[in-house]
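First residue of the sequence shown: 91, per my numbering; consecutive thereafter.
From the three backbone atoms N, C-alpha and C, an ideal C-beta is built for every residue, glycine too.
All figures in this text were calculated on a predicted structure; none of them were measured in a lab.
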Amino acid sequence: MPRQGFSGLSRGAIAFWGLVSFNLLDPLPFALASASPAIISNPRVAPLHLEINLSRRQLTLYRGQTPLRRYPVAVGRPGWETPVGIFQVREMIRNPAWKNPFTGAVIAGGHPRNPLGRRWIGFWSDGKNWVGLHGTPNPESVGHAVSHGCVRMYNADIEELFEKVQPGVPVIVVP
């Protein structure tokens, strides 16, 4: 079933709300190569990973097997479910702009009505559509299955998480 997301423009990329599409002007391997090899492969420091538990509506940041922080989240609604599986952080955007794909109207990054909030962390793509973590101007939606596949977080939480992860960090989504 084809799905349409809501797009946004920032740093040469089109970000989407929910199951999304991106037009990356920088090739993806550059984004993945930007992760520090010392952080990813240092044997003395356990690696970070994220686990999103859809039924609990909870994201947990781990270092190795130790949970560091838990965050409440909103997930995909019926018909627009958040994909289950093992992924990795592939794209990170500060203040992503949002473009309505139906009207072409753009809401600037950082604007209080921007449905992506102030941060975007993309972790799944089929080459056209994307799913990721993002903030929301509707904090009452957190804790519910209401998105188009994305994982919504409180803006303060996504901003905190954004500073702790980098491209290449594993993202495990469980039912």
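Point to revise | Span separating the alpha-carbon of residue 224 from that of residue 154 | key: Our two residues, residue 224 and residue 154, have alpha carbons roughly 24 Å apart in a direct line.
Review point. Do you know offhand how far residue 192's Cα is from residue 200's?
Key: In a straight line, the C-alpha of residue 192 is about 21 Å away from that of residue 200.
**Study point:** Counted within 10 angstroms of its Cβ, other Cβ atoms place residue 181 as buried (16 or more) or exposed
**Key:** With a threshold of 16 other beta carbon atoms within 10 Å, residue 181 meets it and is buried.
Point to revise | Those runs of the beta strand (DSSP E) which lie wholly inside the region 137-186 and span at least 3 residues | key: You should have 138-143, 148-153, 156-162, 175-178, 181-184.
Review point. In three-state terms, what does DSSP make of residue 206?
Key: Of the three classes helix, strand and coil, the one that applies to residue 206 here is coil, per DSSP.
Exercise for review: Below 6 Å CB to CB, which residues in the same chain sit around residue 262 once its five sequence neighbours on both sides are set aside?
Suggested key: Counting only Cβ-Cβ distances below 6 Å, and skipping sequence neighbours, we find 141, 176.
Practice item. Within 10 angstroms of the Cβ of residue 239, are there 16 or more other Cβ atoms? Answer buried if so, exposed if not. Key: Around the C-beta of residue 239, 16 or more other C-beta atoms lie within 10 Å, and the residue is accordingly described as buried.
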